[in-house]
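Beneath this line is the structure, given in structure tokens, with notes to follow.
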Amino acid sequence: MKIWRIAGIALMAGLVLFLLTVLLKLLFVALIAALLIRVVGSRLMHRFPGPMQMGHGASNHIISIDNPTYRSPMWANAERVISIN
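So the mapping is simple: this note's numbering equals the position in the sequence shown, first residue as 1, plus 42.
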């Protein structure tokens with residue numbers, strides 16, 4: 043009966059080591075993919091100047107459709123003005 047206990051412990055240790063290596067491989071692949079996306083993505087964004095840098099062909103202008111907030115003039119009030127110079 044002692045042999046089964048040793049075999050069970052060896053089997054569990056092998057399973058733990060296998061799962062640990064699979065997890066480390068997945069983390070390594072995710073890290074490489076993130077670095078690749080970051081480097082290649084930034085280089086691609088520098089090739090296409092303009093609205094593409096804001097995200098998937100976004101426009102520079104804010105468009106409001108039937109929103110009364112943008113029709114009314116906005117008045118800014120300030121209790122305290124801090125000069126920057």
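We put the beta carbon where it would ideally sit given N, CA and C, even for glycine. In this text, all values refer to a predicted model and were calculated from it rather than measured experimentally.
Spatial distance of residue i from residue j (CA atoms)
i, j, result
"Leu73", "Ser84", "17 Å"
"Met43", "Ala49", "10 Å"
"Leu69", "Trp46", "34 Å"
Chain C within 9 Å of residue i, Cβ atoms only
i, result
"Phe60", "In the displayed structure, chain C is absent; only one protein chain is listed."
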